[in-house]
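Residue numbers for the sequence shown follow full-length UniProt numbering, beginning at 1 and rising by one.
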Amino acid sequence: MGGLLTLGEAMVTFTPEQIGSLRHVRSLTASMAGSEATVAIAVRRLGHPATWVSRLGDDEPGELVLDRMRAEDLTLYVRRGPGPTGLMLKESPRAGARRAHYYRSGSAAASLRPDDLPPGLVESAAVLHVSGITMALGESPRHTVRSAVDRARAAGAMVSFDVNHRRRLWSATDARAHVTELLPHVDIAFASVSEARLLLDGATINVHDLADALRELGPGAVVVTDGPAGAVVADDHGTVHIPALAATEIDPFGAGDAFVGGSIAGLLDGMKLADAAALGSAVAAQAVAAPGDWEGLPTRGELAAARESDIDR
C-alpha cells in the first residue's frame, strides 16, 4: 500500500449561506468534515495513496460522508454503527466571526476498535497519522490509536500525531496525561502554540523554546504552528521558523489539517521536515481561500499555478 494511513471521525457539516445567528438563517449547505479525513484528502490530492479508517452511522449522513470520500479516490475501511454519524453546525453570527456546534456524543466513531484495522493494513503504510481528537472520543478509540501506533512502529512506519485538543471532548488534565504518554512513541508531533503550552502545563516561553521543550517530552520531531506568524520546526537538523504564506481567508476551518496534510505529502516526497512544513504552509494558504474544511485543498498543478501567479505580480 505505502502512502498514508489515518483513522478518525468524520461528521456531516451544515454551513449557513447567510451571516447571522442560526435562528435567522434561511438555508444551509451540507458537506462533511473531520481532521484525519481532511489530512487524507490533502495527501491524496498531492498524488500519494491515502487510506482512511472510521465508523459511520448506518444513516443518510453516513452516506453523504462516504460519497464525498469516495469521490476523492481514497481507500476506505469503514464499518457502520453502532450509533449515528456525528453532526457539526457552523455559524457566522457576524462578519469575520465563526463558531461551530458539535453533535457527536455517542456517535459511531466513538465505537472505533483495534480490530477495525485489518491485519497487515497498518504494517503496509509508509506513514500513520493519528490525532488527539480520536483519543478524546473515548477509551475504545484511544486504545485503537495506541494499538495502531504500536503496530506502525513495529513495522518501521513513520508515526505522525496532531495534538488537536478539543475542550468540549476532554479536559486539559486528561489530554495532558494521555497525550504526553503517547509522545515518546511518535516520530513527528504537530501542535499549536496553545496546545504546546497546555502540554507543558502553561509555559509562557517563546515559540522556538516551546518547540524545543515539547520535543523533550519524547517525540522525534515537533512542529508548533502559530497562525499567521507561521510555524517552528524542531528536529535533529535544528530549530527553524517556517513563514506562513499570504492568503485571502474565506474559511479558516481545516487550516491546521491542511498544513499537516501538506507536510505529510512533503515527507512522502522525501523532503526534510522543514521543507515539508513549507509545503504544508502553501497547502494551508490555498485551503483557507475557499469555503469548507477540505474543498479548497490544492492539487500539485494548483500549487504550481499559485506560485507562478505570485511571481507574475
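In this text, a Cβ means the ideal position worked out from N, Cα and C, and glycines have one as well. Source: prediction; values computed, not measured.
DSSP state of residue 111 mapped onto helix, strand, coil: helix
State the DSSP-derived secondary structure class of residue 250, mapped to helix, strand or coil. coil
Taking residue 257 and residue 290 to be in contact with their CB atoms under 8 Å, please state how far apart those CB atoms are, rounded to whole angstroms. That belief does not hold up - the Cβ atoms of residue 257 and residue 290 are roughly 14 Å apart, past 8 Å.
Alpha helix (DSSP H) containing residue 94: first to last residue? Element bounds for residue 94: n/a, residue is neither H nor E.
Quick one: any contact between the stretch 90-101 and the stretch 34-54, if contact means 3 or more CB pairs under 8 Å? no
Excluding sequence positions up to five away, which residues of its chain have a Cβ less than 6 Å from the Cβ of residue 200? 213
First and last residue of the uninterrupted beta strand (DSSP E) at residue 261: Not the beta strand (DSSP E): residue 261 falls in the alpha helix (DSSP H), residues 255-269.
What are the partner residues of residue 100, as DSSP defines its beta bridges? 90
Could you tell me which whole alpha helix (DSSP H) segments of length 4 or greater appear in the stretch 4-81? 35-45 and 60-71
Is it the case that the Cβ atoms of residue 109 and residue 80 are separated by a distance below 8 Å? no
If you draw a straight line from the C-alpha of residue 283 to the C-alpha of residue 137, how long is it? 28 Å
Name the DSSP beta bridge partners of residue 225, please? 192 and 231
For residue 224 versus residue 191, is the C-beta spacing smaller than 8 Å? yes
Per DSSP, the bridge partner or partners of residue 239: 234
Hey, which unbroken runs of the alpha helix (DSSP H) at 4 residues or more fall wholly within the stretch 125-200? 132-136, 139-155, 172-182 and 193-199
Could you spell out the range, first to last residue, of the alpha helix (DSSP H) harbouring residue 280? 273-287
Taking DSSP as the reference, what is the three-state secondary structure of residue 309? helix
Residue 160 beta carbon less than 8 Å from that of residue 193: no
For the stretch 50-63 and the stretch 73-89, state whether three or more C-beta atom pairs, one from each stretch, are separated by less than 8 Å. yes
Less than 8 Å between the CB atoms is what I'm expecting for residue 51 and residue 74, so what's the real figure, rounded? 7 Å
Output yes or no for whether 8 Å exceeds the beta carbon distance between residue 245 and residue 266. no
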